[in-house]
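**Student:** Got a structure for you, written out below as C-alpha cells; questions coming shortly.
2 protein chains.
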Amino acid sequence: MAQTNPPFMSGVPELLLLRLLTQREMYGYEIVKAVRLVTSEAISLGEGVVYPVLHSLERSGALRARRKPVNGRTRVYYSVTPKGTQRLARLTAEWDRVSSGIQAALGEPEHA
Amino acid sequence: MAQTNPPFMSGVPELLLLRLLTQREMYGYEIVKAVRLVTSEAISLGEGVVYPVLHSLERSGALRARRKPVNGRTRVYYSVTPKGTQRLARLTAEWDRVSSGIQAALGEPEHA
DNA sequence: TGACATACCTTGCCGCGCAAGGTAGGTTCG
DNA sequence: CGAACCTACCTTGCGCGGCAAGGTATGTCA
Numbered sequence: 031m032a033q034t035n036p037p038f039m040s041g042v043p044e045l046l047l048l049r050l051l052t053q054r055e056m057y058g059y060e061i062v063k064a065v066r067l068v069t070s071e072a073i074s075l076g077e078g079v080v081y082p083v084l085h086s087l088e089r090s091g092a093l094r095a096r097r098k099p100v101n102g103r104t105r106v107y108y109s110v111t112p113k114g115t116q117r118l119a120r121l122t123a124e125w126d127r128v129s130s131g132i133q134a135a136l137g138e139p140e141h142a
Numbered sequence: 031m032a033q034t035n036p037p038f039m040s041g042v043p044e045l046l047l048l049r050l051l052t053q054r055e056m057y058g059y060e061i062v063k064a065v066r067l068v069t070s071e072a073i074s075l076g077e078g079v080v081y082p083v084l085h086s087l088e089r090s091g092a093l094r095a096r097r098k099p100v101n102g103r104t105r106v107y108y109s110v111t112p113k114g115t116q117r118l119a120r121l122t123a124e125w126d127r128v129s130s131g132i133q134a135a136l137g138e139p140e141h142a
C-alpha cells in the first residue's frame, strides 16, 4: 500500500511561488499577498502554506534565502537558483499537460 | 486546528467523472479507460480513485446507479441526476476560476 | 490449465494543504 | 501608556483526498 508518487493535482503552491520569485526577489509575507493579486483573488494561500513551501524549496536548493533588515525589522528575501529554474520548468510543463487534459475533457460536446 | 473546507485544488476526479457521465451512461471500469482517452493520456485515474468517487457521488444523490447484466456479467451503469448536473456546474465554474487564476500568474512577464 | 481481460470492490496510508495559534517589533491614537 | 492593529516570521496538528495494492469472480482463448 505504498504511496509512491505525489497526487497528480498537487504542487500548485510550489509552482506559484517559484513563478513569482522568478520575477523579483520577495519575502514570505509579501508573497502571501502577491498570490492573491496575481491570481485575481482566485487563489489565496495562507501563511501556513507559504512558509513551509518556502522552507522546503530552500532545503532542496531551489531557493536561496537572504536575511535583510528593513526598518529595524528583519525580512527574509528569497530568490530562485538555477536548480529552482529547472524545477519551475518541470512544474510548468506538468501543469500545462494536466490542465489542458482537463480542458479537453470539459470541451467535449455535452451529448455524444 | 479544524480542517473546514477542502483544499482548493481538489475535486478534479469528481469533475471529470460527472462530465463524462453527462455525455453518456457508463460503468466504472469503462470510465477508468475513458478518462485516459479524453484527457489525451494526461490524466490517469486508477480504480482506487474511480470507484470510491462513484459511490460517494451516488450517496450524495448526484448519480443514479443501474445494475445491468451483460454477457452474464453484471455491470453497474451510472447516470447523472439533476443534482449531479448542478454539482457539475459548480465544479466547472470553480475549476475555471482556479485554472485561469494560475494561467494569469504564469502568463506574467518573466521579469518585472 | 494457465494466462489474461473484464468488472467489481475495499483497505491502508502518505502527505498536501490548511486553520489555528504563537512570538515579536512598529505605529497610531486617545 | 495601554489598546488595537499592522507587519513579519514561524510551527503544530490534522482532515481527507488520492492512490497503490490487493482481493473476488466470471469470461475466453490458447
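From first to last, the protein sequence lines are chains A and B.
Residue numbering for the first sequence follows the numbering used here, beginning at 31 and increasing consecutively.
Residue numbering for the second sequence follows the numbering used here, beginning at 31 and increasing consecutively.
Ideal Cβ placement from N, Cα and C applies to all residues, glycine included.
Nothing here was measured: the structure is a model prediction, and the numbers come from that model.
Within the chosen definition, does the segment 73–82 of chain B reach the segment 48–63 of chain B through at least 3 CB pairs nearer than 8 Å?
**Tutor:** The segment 73–82 of chain B, when compared against the segment 48–63 of chain B, does touch it at the 8 Å Cβ threshold.
**Student:** Ser70/B by DSSP, collapsed to three states: which one?
**Tutor:** In the second sequence, residue 70/B corresponds to position 40, counting from 1. Looking at Ser70/B - three-state DSSP - the assignment turns out to be coil, as it is neither helix nor strand.
**Student:** Just to confirm my understanding: we take Leu118/A, look at its own chain, exclude 5 residues before and 5 after, and list those with CB closer than 6 Å. What are they?
**Tutor:** Working through the first sequence from its first residue, we reach residue 118/A at position 88. Contacts found: Leu48.
**Student:** Within 8 Å (strictly less), CB to CB, does Met56/B reach chain A?
**Tutor:** As a first step, residue 56/B must be located in the second sequence, where it is residue number 26. So no, Met56/B is outside the interface.
**Student:** Given Val79/B, which residues of its chain have a CB within under 8 Å of its CB, disregarding the five upstream and five downstream residues?
**Tutor:** On the second sequence, position 49 is the one that residue 79/B refers to. So the list reads Pro43, once near-sequence residues are dropped.
**Student:** Please report the residue range of the alpha helix (DSSP H) in which Leu121/B lies.
**Tutor:** The residue given as residue 121/B occupies position 91 in the second sequence. Looking at the DSSP string, the run of the alpha helix (DSSP H) that includes Leu121/B is Pro112 to Gly137.
**Student:** Nearest chain A C-beta to Val68/B closer than 8 Å, yes or no?
**Tutor:** For the purposes of this step, residue 68/B is taken as residue 38 along the second sequence, with counting starting at 1. Cβ-Cβ to chain A under 8 Å: yes for Val68/B.
**Student:** Determine the chain B residues that contact Leu46/A at a beta-carbon separation under 8 Å, and present them in chain order.
**Tutor:** As a first step, residue 46/A must be located in the first sequence, where it is residue number 16. Near Leu46/A (Cβ distances below 8 Å), the residues of chain B are Ile132 and Ala135.
**Student:** Specify the secondary structure class of Leu93/A as computed by DSSP and reduced to three states.
**Tutor:** Taking the first residue of the first sequence as position 1, residue 93/A is located at position 63. DSSP places Leu93/A in strand when its eight states are reduced to three.
**Student:** Please name the residue or residues paired with Pro99/B in a DSSP beta bridge.
**Tutor:** For the purposes of this step, residue 99/B is taken as the residue at position 69 of the second sequence. Beta-bridge pairing links Pro99/B to Thr104/B.
**Student:** If we define contact as Cβ-Cβ less than 8 Å, is Ala142/B a contact residue for chain A?
**Tutor:** As a first step, residue 142/B must be located in the second sequence, where it is residue number 112. Model confidence at Ala142/B stands at a pLDDT of 49, short of 50, so the residue's coordinates are unreliable and nothing is read from them.
**Student:** I'd like to know if Ala95/B contacts chain A, where contact means its C-beta is closer than 8 Å to some C-beta of that chain.
**Tutor:** Counting from 1 along the second sequence, the entry for residue 95/B is found at position 65. Not closer than 8 Å to any Cβ of chain A, the Cβ of Ala95/B fails to qualify, so no.
**Student:** Starting from Arg49/B, trace the alpha helix (DSSP H) both ways and give me its first and last residue.
**Tutor:** As a working mapping, residue 49/B is identified with position 19 in the second sequence. Val42 to Gln53 is the extent of the alpha helix (DSSP H) around Arg49/B.
**Student:** Please decide whether Ile61/B counts as near chain A, where near means a Cβ-Cβ distance under 8 Å.
**Tutor:** In the second sequence, counting from the first residue as 1, residue 61/B sits at position 31. Closer than 8 Å: no.
**Student:** Express the C-alpha separation of Thr52/B and Ser90/A in angstroms, rounding to a whole number.
**Tutor:** Reading the first sequence from its first residue, position 60 is the one you call residue 90/A. Reading the second sequence from its first residue, position 22 is the one you call residue 52/B. Cα to Cα, Ser90/A sits roughly 43 Å from Thr52/B.
**Student:** Cα separation between Tyr107/A and Leu121/B?
**Tutor:** Locating residue 107/A in the first sequence gives position 77, counting from the first residue. Locating residue 121/B in the second sequence gives position 91, counting from the first residue. Roughly 37 Å between the two C-alpha positions.
**Student:** Tell me the rounded alpha-carbon separation between Met39/B and Ile132/B.
**Tutor:** Here residue 39/B is taken as the residue at index 9 of the second sequence, counted from 1. Here residue 132/B is taken as the residue at index 102 of the second sequence, counted from 1. Distance between the alpha carbons of Met39/B and Ile132/B: 11 Å.
**Student:** Pull up the distance between the alpha-carbon of Leu50/A and that of Arg94/A, whole angstroms please.
**Tutor:** On the first sequence, residue 50/A is found 20 positions in, with the first residue counted as 1. On the first sequence, residue 94/A is found 64 positions in, with the first residue counted as 1. In a straight line, the C-alpha of Leu50/A is about 14 Å away from that of Arg94/A.
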